[in-house]
Amino acid sequence: MIFGSRSGDGLSGGQENVVSMARFRKGGALSPLRQAEAYWTGLRRGDDVPSRSQIDPRGLENILSNTFILERIAPGIARFRLAGSLVNEMAGMEVRGMPVTAFFTADARKQLSSAMEHMFDTPAVVELELQIEAPRQSSPREARMLLLPLRSDLGDISRVLGVLVADEGKTATSQRFSITSIAMRSIGKPSGAAEFKAKPRAEATDERKDVNQPNPGFAETQARFKPERSLLEEARALLDRSRAGKAGTPADPAPAKHKGAPHLRLVVSRD
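Each position in the sequence shown, counted from 1, maps to that position plus 267 in the working numbering.
(1) According to DSSP, is Q442 helix, strand or coil?
(2) As a quick exercise: from E435, S448 and M386, pick the residue whose alpha carbon is nearest that of I424.
(3) For I330 and R301, I'd like the C-alpha separation in whole angstroms.
(4) Between T447 and E400, what straight-line distance do the alpha-carbon atoms span, to the nearest angstrom?
(5) For the segment 409-428 and the segment 308-317, state whether three or more C-beta atom pairs, one from each stretch, are separated by less than 8 Å.
(6) In this structure, what does DSSP give as the bridge partners for A450?
(7) In three-state DSSP terms, what is T372?
(8) Would you identify the three-state DSSP class for L331, choosing helix, strand or coil?
(9) Evaluate M360 with the Cβ neighbour count: other Cβ atoms within 10 Å of its Cβ, from every protein chain shown; 16 or more gives buried, anything less gives exposed.
(10) Does the distance from the C-beta atom of E338 to that of R452 stay below 8 Å?
(11) What is the residue span of the beta strand (DSSP E) that V416 lies within?
(12) How far does the beta strand (DSSP E) with L349 in it reach, from first residue to last?
(13) Given a threshold of 16 other Cβ atoms within 10 Å of its Cβ, counted over all protein chains shown, does R503 qualify as buried or as exposed?
(14) What is the DSSP secondary structure of L310, counted as helix, strand or coil?
(15) Can you tell me where the beta strand (DSSP E) with L431 in it begins and where it stops?
(16) Would you call L505 buried or exposed, if buried means 16 or more other Cβ atoms sit within 10 Å of its Cβ?
(17) Check S318 in the structure and name its three-state DSSP category.
(18) Do L413 and E304 have their C-beta atoms within less than 8 Å of each other?
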C-alpha cells in the first residue's frame, strides 16, 4: 500500500511523497526493543535501576521469545540465565548457562565486554547494531540487541534484561554476531530532582551544649553523671571540714568570779 498525490494530468512523477506501509504492519523490526525499554522505564523509581524481582513475564508477553536475562559472573563476562525461543533458535542450541560473548566473533567479544562493564559501572543502557555472519548464507543479515541493567536481590547491578531482534531469513546453526555500532546512554537523574545532602556532624562543643536541652515529644532530658571522687579526695574534704569546724568554735571562757558566794578563808596566826 502506498500513498501518493494526483495532479491534473494523473499521478505525479515525484517519489518523495510516497510512503511505504509495509514496515508498519507488524510494528517494525525494532518494535520489541522499544517495548522492552518502555516496560523497563516504567519499573524505575526516580533515577534508580529496577530489580530483577520486578520483572514479570506478563509485562513482556508479546516479546518473550526475543528476551533474555543475563547474570554478571566476572568483569566483562555475563552468562544467560533465561532465554526466549528465538534466542535459542538463532544460537542453534539451549543457551542457558553459556556466556553471551560465545556467540560473537573474536573482535566483537572485546567490544561487548567493554560495553557491558560500562553498563554495570555507570549504569547505562546499551544498544548494539549487529550482523549475523554465517558461511551458509549468501549475505549477512542485520540484527539489534538492547541491554538494560537490573539490580540483583543483593542490591548490586549485576543482572541484565536483554532483547534480540533480527531480520527475517533462514536461521543457520553456525552463525556468529559481529558488532557494527554501539550506542550507550547513561541513566541520569530526572530534571528538577533535588540532590540529597547529608547534615553536617555537630562539633563536640555543640554536642555538650545541646545534651540537656528539652526535646518535645520524647522522653525527658537526663542529667549528666558527675565524676566519682577518689578516696584520697574524700579524705581531704573530710579533713578540711573538720578544720573549718574547729576554727569557727569559740574558745572556752574563763571561769567567772562569783560575787557574794560563800567561801572559806584560811587564817594563819604566828602568835
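From the three backbone atoms N, C-alpha and C, an ideal C-beta is built for every residue, glycine too.
In short:
(1) coil
(2) M386
(3) Answer to the nearest angstrom: the Cα atoms are 11 Å apart.
(4) 12 Å
(5) yes
(6) E394
(7) Note: T372 maps to coil in three-state DSSP.
(8) Reduced to three states, the DSSP call for L331 is helix.
(9) exposed
(10) The answer is no: Cβ separation not under 8 Å.
(11) Rather than Val, the amino acid found at residue 416 in this sequence is Pro. Membership of P416 in the beta strand (DSSP E) is indicated by the continuous run R408 to R418.
(12) Segment I344 to A350, the beta strand (DSSP E) holding L349.
(13) That one is exposed.
(14) coil
(15) I424 to A433
(16) exposed
(17) strand
(18) yes
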